[in-house]
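Here is the structure we will look at, set down as structure tokens.
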Amino acid sequence: MNAIACHGISQSYGQYRVLRDIDLTLARGECLTLLGPNGAGKTTLLNILATLQRPSEGYYEMLGMNGRTDRDAIRARLMLLAHGAHVYDDLNARENLAFALALRDTHPTDRDIKLALDRVRIGAFADMKIRHYSAGMKKRLALAKLMLARPDVLLLDEPFTALDPDGAALMRDHIGERVADNAAVIIATHDPDKARPVTTRAGQLRHGAFREIALEDLRADGAV
Amino acid sequence: MTIHRVIRGVQRYQGWVGGGAALCLLAGLYLGLLGSPPDYVQGEVVRIMYIHVPLAHTALLGYTVLAGGSVWYLWKRDPVVDNMCHAVAAISACFTALATATGMIWGKPTWDAWWTWDARLTSFAVLLLILLGYLMLRTMIDDPDKEARYAAVLAILGFVDLPIVHFSVEWWRTLHQPQSISLRGVSIASGMLAPLVLMSLGMSLLFSYMLMIRTQLLYLHRLLDAKKGRLLSRFHAPNADS
Amino acid sequence: MAPFKTIRWIVWKDVVIELRSRETLASMAFFALIVLLIFSFSFSMDQRAAHEVIAGIIWVAFAFTGMIGLGKSFSAELPHDCLDALRMAPVSRGAIYLGKVAANVAFLFAVEILLFPMLVILFNLDVVEDLSLLLVTFFLATVGLAAVGTLFAALTVQIRAREVMLPILLLPMVVPVMIAAVEATKGALNGDPPSLYGPWLELLAIFDVVLTIASFWLFDVVMDA
Amino acid sequence: MNPLRLLYLRWSVVLVAVMGLAALTAQHYRDHLAGFVPQEVTREAPAGDIRVAGMVQRGTVTGNARAGHAAFQLMGREASLPVVYEGPPQDNLRAFKTLVVIGAWDASAGVFRAREIGIVPNYGFVAGAYLVGLLPLALLVFAMSRRVNLLYEDMKTSALYQED
């Protein structure tokens with residue numbers, strides 16, 4: 019059973035076609051690093067897979083579930099790390115984690131949350147309002163959320179931006195751990211060097227069309 | 007490029023519907039203006055009924071079609087159905103505005119006022135506001151899928167709301183003033199029935215004809231956009247297409 | 522997750538954020554106060570005249586205040602794309618809706634209770650001894666406003682010109698709530714026998730039930746893609 | 076035939092039919108409108124059946140119009156006209172009501188013998204309502220049909236619409 023199987027997914031906005039006939043399958047335990055210049059449709063593809071929008075044409079299956087009909091079941095198994103941190107400014111880190119995980123029907127104890135925050139090294143700021151967090155700290159908080167939720171499918175949109183080398187290493191180690199744990203991961207990034215150690219497959223989006231590339235061709239400039 | 011089968015059907019039958027509408031309306035106009043007797047109380051002014059009442063009925067019919075089409079869209083997610091809903095809304099708004107206008111013209115000689123807070127006039131005004139809000143909403147969304155969904159939500163909720171609006175306004179007016187000469191006070195003489203039925207039928211047919219035309223219009227625009235987009239992306243990414 | 526738990530978490534989140542920032546409550550209360558002040562300047566009223574128009578003034582003020590509160594309840598989800606997080610959450614959309622409605626009713630009702638003494642002072646009202654029916658009126662009308670308003674706030678927050686579109690779409694829909702609320706409030710403030718304005722409360726209750734059910738189902742369409 | 080030309084042809088047929096109907100209607104109502112005011116009747120004493128429009132003078136109504144016979148003074152701008160009504164039962168006879176009476180001038184008795192009483196027709200409102208109701212609809216339908224036809228023409232001719 020494939021973790022993700024896209025069948026002819028296209029997305030158009032009026033006369034602009036952002037995605038064109040994407041056929042893509044990803045097995046569990048695979049990590050696909052997706053390259054592509056700005057406007058290539060990476061975020062749109064991740065949004066479609068994350069059930070945030072419906073493709074204009076085509077459909078996908080995730081873990082054997084239909085992306086059109088079993089949306090709630092799919093949502094329970096995947097997580098999207100997006101540009102927005104999905105946190106509330108006026109809650110502190112612990113409250114944000116508790117709320118986000120409660121919506122996923124995960125109820126970590128205070129100790130679990132504290133441990134996760136310590137692992138991403140923001141345990142010292144656990145009671146600070148997110149309003150005062152830096153972008154990197156928010157990213158680390160999102161990483162802590164991933165660690166606690168442990169979804170089967172991870173969709174990561176620019177996971178390394180805003181992170182310092184230490185944070186990027188934490189992120190990469192977690193991805194590697196999840197891949198070893200038989201999760202399926204898609205990383206959309208402009209920074210393939212950081213993703214390379216955990217990548218098992220590479221692909222490229224150009225003008226909305228997907229094509230698989232060799233791992234050796236995974237380069238930052240994206241020119242293949 | 008294939009044309010949607012609904013649009014094909016529309017192309018086949020639109021001539022009959024349009025011709026039927028023209029015939030019914032002409033016959034209805036003849037009977038209404040010349041062939042029917044003036045009313046005992048209202049005199050010649052009663053002839054406004056033959057245009058006002060069919061317009062109002064058709065506006066309500068249009069709103070029912072809009073709500074039904076919206077449910078249909080949410081069920082099937084067929085863009086043609088969305089084009090139809092968009093078309094219905096514009097046409098119903100037009101019919102509602104005209105029904106209100108002719109109602110006001112009827113009100114002036116009968117109640118000696120262009121506007122009264124009569125339950126029907128008020129509900130029609132609210133209906134018109136909802137329809138205009140609907141059309142405005144559609145211009146505020148860029149994503150066509152989102153536009154269709156949100157418009158459907160608004161239409162369905164408005165349809166649920168409308169009886170409550172009418173009921174509450176009617177209740178409110180009867181509490182505040184004795185019922186004024188109601189438009190319903192006109193007893194329908196036998197000579198009046200024929201033009202009324204013909205005009206109602208003609209207006210419903212005209213509404214269907216307009217709906218067919220406007221649905222095609224919106225559909226063709228969408229087709230044009232999609233087609234242009236395909237050409238554009240072929241131009242941008244020549245390799246990807248082969 | 523059990524829907525009730527989701528509702529509780531959503532309400533908890535909204536209330537905690539509101540208690541920390543006090544943005545919505547403060548701006549709503551302040552706005553309503555300004556509206557009331559402007560009304561009291563523009564009609565120089567004796568007590569008798571006040572009784573005729575006060576119910577209308579109250580509900581104009583509350584409706585516009587409600588627009589602010591309802592709009593904020595979803596625009597607060599916009600920073601850091603929290604709305605997307607809610608849309609991706611594997612919980613029933615209906616539970617999210619009910620949680621948001623509950624939080625909105627709580628905020629609006631709190632502001633109304635807060636402003637009522639101010640009204641009594643500004644417009645020299647005779648305070649009726651039995652306020653329970655007035656409170657029921659306020660509550661039912663607030664639920665009606667919030668039931669439709671929450672749906673439309675969720676809808677308009679995802680489109681252009683949302684601050685304008687919310688009142689444009691919402692106000693025509695809640696005409697019945699406004700009529701019934703004004704009539705019932707008038708009756709309650711004048712100390713009329715409840716049998717006179719009771720039907721309006723029934724109408725409010727019917728409206729609340731019908732439109733909450735409709736919005737409950739439609740919220741799914743608004744939030745899901 | 077060119078579909079656009081066919082459209083214009085169809086609309087011309089409808090237009091002719093509507094104009095014919097309008098002419099008929101106008102003719103019909105002109106016949107009904109031709110009438111006199113009270114001072115003209117007393118001055119010119121026209122023969123035969125005529126229609127006179129005026130307002131019922133207060134306090135002059137005698138008899139019972141509901142039973143079908145009454146007498147009253149019909150006020151014009153300058154003079155008033157004594158009217159004797161014999162005809163079907165009539166509800167509309169009230170002081171200050173503007174009426175049209177139909178009958179003949181009896182010069183020997185100096186009264187107007189009316190056999191029918193009607194209220195003043197208000198064709199302006201009727202015409203206004205029909206124009207307001209139909210004209211925008213017609214314009215809208217015409218504009219839409221034309222645009223659809225143009226779009227189909229475009230589809231056939233323009234390079235944009237080659238088969239996929």
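So the protein sequences, as listed, match chains A, B, C and D.
Counting from 19, one number per residue, gives the positions in the first sequence under this note's numbering.
Counting from 7, one number per residue, gives the positions in the second sequence under this note's numbering.
Counting from 522, one number per residue, gives the positions in the third sequence under this note's numbering.
Counting from 76, one number per residue, gives the positions in the fourth sequence under this note's numbering.
Glycine included, every Cβ here is placed at the ideal spot set by N, Cα and C.
With 16 as the cutoff for other CB atoms within 10 Å, does glutamine 222/B come out buried or exposed?
buried
In chain D, which residues lie with their C-beta within 9 Å of the C-beta of tyrosine 79/B?
None at all; the shortest Cβ gap to chain D is about 21 Å.
Quick one: what does DSSP say proline 688/C is sitting in, helix, strand or coil?
helix
How would you write the range of the alpha helix (DSSP H) that serine 548/C sits in, first residue to last?
544-563
Roughly how far, in whole angstroms, is the beta-carbon of arginine 38/A from the beta-carbon of alanine 227/A, given that I think they are within contact range, below 8 Å?
5 Å
Neighbourhood of lysine 526/C by C-beta, 6 Å cutoff - its chain only, sequence neighbours within 5 removed
none
Which residue's Cα is closest to the Cα of alanine 582/C: Ile555/C, Val730/C, Leu725/C?
Ile555/C
Which stretch, first to last residue, makes up the alpha helix (DSSP H) that contains methionine 189/A?
183-198
Chain B partners of tyrosine 78/A, CB-CB under 7 Å?
Those do not exist, as tyrosine 78/A stays about 16 Å from chain B at its closest Cβ, beyond 7 Å.
On the three-state DSSP scale, how would you describe asparagine 110/A?
strand
Length of the line joining the Cα atoms of alanine 103/B and leucine 212/B
16 Å
The region 119-133 of chain A contacting the region 202-218 of chain A, beta-carbon criterion three pairs below 8 Å
no
Rounded to the nearest angstrom, what separates valine 242/A and glutamine 222/A at their Cα positions?
Low local confidence applies: a pLDDT of 47 at valine 242/A is under 50, so the model's placement there is unreliable, with the coordinate-based value given in what follows. Those two C-alpha atoms are separated by around 9 Å.
Under the three-state reduction of DSSP, which class applies to tryptophan 180/D: helix, strand or coil?
strand
Are alanine 571/C and leucine 646/C touching if we call contact CB-CB under 8 Å?
yes
Using a Cβ-Cβ cutoff of less than 7 Å, which residues in the same chain neighbour valine 87/B once the five nearest sequence positions on both sides are dropped?
Gly75, Trp78, Tyr79
In the DSSP assignment, what are the bridge partners of lysine 147/A?
Asn110/A
Considering Cα atoms alone, identify which of Tyr77/A, Asp199/A, Val171/A is closest to leucine 99/A.
Val171/A
Contact criterion: CB-CB distance below 8 Å. Does arginine 72/A meet it with respect to chain C?
yes
Validate contact between the region 526-539 of chain C and the region 614-625 of chain C using beta carbons, cut 8 Å, 3 pairs
yes
Rounded to whole angstroms, what is the Cα-Cα separation between proline 184/B and alanine 705/C?
Only weak support exists for where proline 184/B lies, its pLDDT of 44 falling under 50; the coordinates are left without a value.
Could you check whether alanine 128/D and glycine 195/D sit closer than 8 Å to each other, using their CB atoms as the reference points?
Glycine is not the amino acid found at residue 195/D; the sequence shown has valine there. Cβ distance < 8 Å, so valine 195/D and alanine 128/D count as in contact.
CA-to-CA distance, glutamate 191/D to proline 163/D, given in whole angstroms
7 Å
Residue of Val132/B, Pro60/B, Ser214/B, Leu204/B minimising C-alpha distance to histidine 172/B
Val132/B
Measure from the C-beta of tryptophan 112/B to each C-beta in chain D and report whether the shortest distance is under 8 Å.
yes
Option in Gln114/D, Glu161/D, Arg133/D with minimal Cα separation from lysine 172/D
Arg133/D
For leucine 22/A versus threonine 43/A, is the C-beta spacing smaller than 8 Å?
Position check: residue 22/A holds isoleucine in this sequence, whereas leucine was assumed. Contact flag set, yes.
In three-state DSSP terms, what is isoleucine 231/A?
strand
Would you say methionine 219/D faces chain B, with C-beta separation under 8 Å as the test?
yes
Within-8 Å CB hit, phenylalanine 200/D to chain B:
yes
Can you check the region 579-617 of chain C for any beta strand (DSSP E) of at least 3 residues that lies completely inside it and give the ranges in chain order?
none
Can you say whether tryptophan 123/B is buried or exposed, counting buried as having 16 or more other CB atoms within 10 angstroms of its CB?
exposed
Could you check what DSSP says for alanine 220/A in three-state terms: helix, strand or coil?
strand
Starting from the beta carbon of glutamate 50/B, find every residue of chain D whose beta carbon is closer than 7 Å, and list them in chain order.
Pro196, Asn197, Tyr198, Val201
Relative to the C-alpha of isoleucine 700/C, which residue among Lys593/C, Leu604/C, Val678/C, Leu661/C is closest?
Leu661/C
So who's on the other strand from glutamate 161/D, going by DSSP bridges?
His144/D
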